[in-house]
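In the order they appear, the protein sequences are chains A and B.
Residue numbers for the first sequence follow our numbering, beginning at 929 and rising by one.
Residue numbers for the second sequence follow our numbering, beginning at 929 and rising by one.
We put the CB at the ideal spot given by N, CA and C, even for glycine.
Data first, discussion second: the structure below is written as structure tokens.
There are 2 protein chains.
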Amino acid sequence: MTQARPAGQHTVRRHNCALVLAAIADSPGRSRADVAASTGLTKATVSTLVDRLAGGGLITESGRQDRPGPGRRGTSLSLSPRGPHGLGVEIAVDYIATCLAGLTGEVRELRVRRADNRSLSTARVLGRAGKAVREALAEATARGIAVGGVGVAVPGLVEEPTGLLRVAPNLGWHDVDLPAELAARTELPAGPVLVGNEANFAALAQLWTSGPDGARDFVHVSGEIGIGAGIVIGGQLFSGTRGFGGELGHFPVSSRGPRCTCGARGCLETLAGQEAIAAKAGVAGLTELVAALSAGERPARSAVREAAGRLGTALSSVLNLLDVPCVVLGGSYARLHPWLAEPLLAALRARVTGAPWSPVTVTASALGSEAAVRGAASSAVRGIMADPDSFVAS
Amino acid sequence: MTQARPAGQHTVRRHNCALVLAAIADSPGRSRADVAASTGLTKATVSTLVDRLAGGGLITESGRQDRPGPGRRGTSLSLSPRGPHGLGVEIAVDYIATCLAGLTGEVRELRVRRADNRSLSTARVLGRAGKAVREALAEATARGIAVGGVGVAVPGLVEEPTGLLRVAPNLGWHDVDLPAELAARTELPAGPVLVGNEANFAALAQLWTSGPDGARDFVHVSGEIGIGAGIVIGGQLFSGTRGFGGELGHFPVSSRGPRCTCGARGCLETLAGQEAIAAKAGVAGLTELVAALSAGERPARSAVREAAGRLGTALSSVLNLLDVPCVVLGGSYARLHPWLAEPLLAALRARVTGAPWSPVTVTASALGSEAAVRGAASSAVRGIMADPDSFVAS
């Protein structure tokens, strides 16, 4: 490894600060001595860094350690629930959502504002997104909470190195610099603004909330008006060489079918997206569709069965290509799971070549349509956790 | 990292032996002192290990080092072209191939034996494969070459942890333990027998022969009677959670189409495989197809164009999912490249959502149908390079 510049004291402190914070996050209740033992840092260094993190409001130090056995008891360190929060923002086709999440992962506030963003100009939608961000920041201020990072989820292709939204077909957007656009409309907090595809953020939220025993290899399918996939392999998001990976909505499932926003025909989302299913079932939207399904109405059930077949065609190819046996239904698909899962599973079993040796599973995300904005907020939190010193210094 | 047992002297020697050999492979012509400087080992240790590797026939030491400047000249070390070879074996649907490759990567011998393996029993094909291996080993012995490892390429799903061939639909094989079957038919050399999917070995061969400036992110499509994909991302083979990844042949490209060996209808290989194209063109096989294409015959050209469209449907989904912009046409597709590439590229440009920001490319593999067996032989060579001490000791 070559470094362009020698690592100075500041670089070392940034690194060690993150190390100490991670040790406290991993085992809340540890003393300074425990942290020194687990990180290999001296007690004096740990004490300096703990003071710095506590001064910045990231950790709290309380009472005596509650553990059995002999020896001196240290005070118990833990992440502060009032520490810096991550702000998640999601600009979806039919809503704008914001979410504030704390260092310990808890969601403090989540707000969804319905709107048909397709019928509005880009400037208008960005104006609304800016307003949503201002309101969320004001809410945080009113609660005495600092915001240490922002994550923005969008239904489109986001170039990872630049954070530029290249295209969001369902919004009709091209080349939008979201951090700059939002910064022009609201006073963003110091710290990075992470922009990412909503399906990828949703898959990360699923990974992070499923706990240490949760699946580490799965495809999270976000069924909304568009359809996106987030691929998690070995506990890591796989987003391709530039961040464009996981594009599932334009998977060709029919040589005919209606014209898609991408210009092609027979794309998965025109035949198995939330609006396509509702239209086929003869109902107005997702809520009405769920009601019709619950009432056992035939057109609704047959529309979902047909969509399950289309989705099975696309997902079987995904599973064959990636050799991942678990599908997590997210977004509106999570609500359709009781009717969607069985025919989908049948389609997958018929087409996934590795299925006999590792049964395919289809589960519903507990987070549903909230997953993307929660993932965006949690990604911002992880950004703070990875470099707490920058937050303290700012 | 926890080790079950303390690392003994033998473990250290194995590690350092590989380190010294890699240093010599990276820069042939180095002296013992150069190797000591680049590895950080003492000159005494390097000398002991160089003697051991030279004694085992893996390296040669010759003449004076050819470099300018003052200072003592050491002798020049390099991999021995007569060092242990890797033996590659490929059991394909319509041939059995063997390949001997040396430590420096050169192919010493490659032999393809045509046969319609679908019409023969598993035992019969295994008998022929055993015979091919015996002949290749005899050839190596006649040339005074030791074989240090074996790689076996098969057109099916190979479970990575066990090396068990779970299913090869085009051969009609199920649960075949190839190392055991081959060992029962021929005296295999000491050392591991690596079994893998032919498309994965072909992709590795493409990666390893394309040099340091070659593509590091590509999908290698092996078009034979079946169709397989080998996915390379960041210079690493991606083969999924169990090694079953890259299954492309059963990608559904039509809701109708002939019944496939997998049981489904409309699978890519039934519509765009080598036999399907030849049948559509009204010719007997690949050679006749290429002749008809070169002569500008319309049925042949239209058959290839149709296959290109099918392949484009499947590959656009692969590229959208993985965000990889390069397709390498391998196997019989390499020979069809002059006629296949343009309509395929047109189909991909129309469907790959990230194409405007990173143009899709379609190139032909220089290795063609030899790629898989060469990749199997090279994998065996890399096994020797990773643990030369075991070869010396055996």
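Counting only Cβ-Cβ distances below 8 Å, E1234(A) has no contacts in chain B at all, with the closest Cβ about 12 Å away.
CA-to-CA, the gap between T939(A) and A1321(A) works out to about 13 Å.
V1082(B) has a beta carbon lying at 8 Å or more from every beta carbon in chain A. Boundaries of the beta strand (DSSP E) around C1254(B): C1254 to G1259. Excluding residues up to 5 positions away in sequence, R942 and A946 lie with their Cβ nearer than 7 Å to the Cβ of D1315(A) in the same chain. Short of 6 Å from the beta carbon of F1172(A), and not among the five residues preceding or following it, lie these beta carbons of its own chain, in chain order: L1085.
Taking the Cα positions, V1218(A) is about 13 Å away from G1259(A). Across the structure, G1158(B) and V1040(B) are spaced so that their CA atoms are roughly 22 Å apart. Looking at the DSSP output, H1265(B) bridges to nothing.
With a beta-carbon spacing of about 24 Å, N1045(A) and V1075(A) fall beyond the 8 Å limit used to define contacts. For C1188(B), no chain A residue has a Cβ inside 8 Å of its Cβ, as the nearest lies near 10 Å away.
For S1183(A), same chain residues with a beta-carbon under 8 Å away, outside a window of 5 residues either side, are R1193 and G1194 in chain order. Between E1088(A) and R1170(A), the alpha-carbon positions lie close to 5 Å from each other. When CB distances to chain A are screened at a threshold of 7 Å, the residues of the region 1263 to 1290 of chain B falling below it are A1278, R1279, T1281, G1282, W1285 and S1286, in chain order. If the five residues before and after N1128(B) are omitted, its C-beta is found closer than 7 Å to the C-beta atoms of G1158, L1165, S1167 and G1174, all from its own chain and listed in chain order. Within 9 Å of the CB of S1245(A), the CB atoms of chain B belong to E1175, L1176, H1178, F1179, P1180, A1242, S1245, V1246 and L1249, in sequence order along the chain. In this structure E1109(B) is buried. Its beta-carbon is surrounded by 16 or more other beta-carbon atoms within 10 angstroms. Under the three-state reduction of DSSP output, A1025(B) falls in the strand class.
A contact between stretches requires three or more CB pairs, one per stretch, nearer than 8 Å, and the region 1140 to 1150 of chain B meets this requirement with the region 1248 to 1259 of chain B. Judged by their CB atoms, G1296(A) and R1263(A) are nearer to each other than the 8 Å cut-off. Closer than 8 Å at the C-beta level to chain A, one finds these residues of the region 1081 to 1102 of chain B: L1085, E1087, R1094, V1095 and P1097.
Secondary-structure assignment with DSSP links N1125(A) through a beta bridge to V1082(A). Taking the CA atoms as reference points, K971(B) sits about 28 Å from G1033(B). For H943(B), the enclosing alpha helix (DSSP H) starts and ends at Q937 to D954. Closest option to R1238(B), judged by alpha-carbon separation, among W1285(B), G1151(B), L1214(B) and S1318(B): G1151(B).
Collapsing the DSSP output to three states places S1049(B) in coil.
For V974(B), the enclosing alpha helix (DSSP H) has its first and last residue at K971 to G983. In the same chain as A1060(A), and ignoring 5 residues on each side of it, the C-beta atoms closer than 7 Å to its own belong to V1017, I1024, T1026 and R1041, in chain order. One thing to note: G1154(A) has its Cβ no nearer than 8 Å to the Cβ of G1100(A). The three-state reading of DSSP puts I1159(A) in strand, counting E and B together. Burial is judged here by how many other beta carbons sit within 10 angstroms of a residue's own beta carbon; P1117(A) has at least 16 and is buried. At least one C-beta of chain A is nearer than 8 Å to the C-beta of F1172(B). With respect to T1281(B), C1188(A) sits apart: the two C-beta atoms are not nearer than 8 Å. F1172(A) has no beta-bridge partner at all, per DSSP. By the rule that beta-carbons nearer than 8 Å mark a contact, D1145(B) touches chain A.
DSSP lists L1093(B) as the bridge partner or partners of V1104(B).
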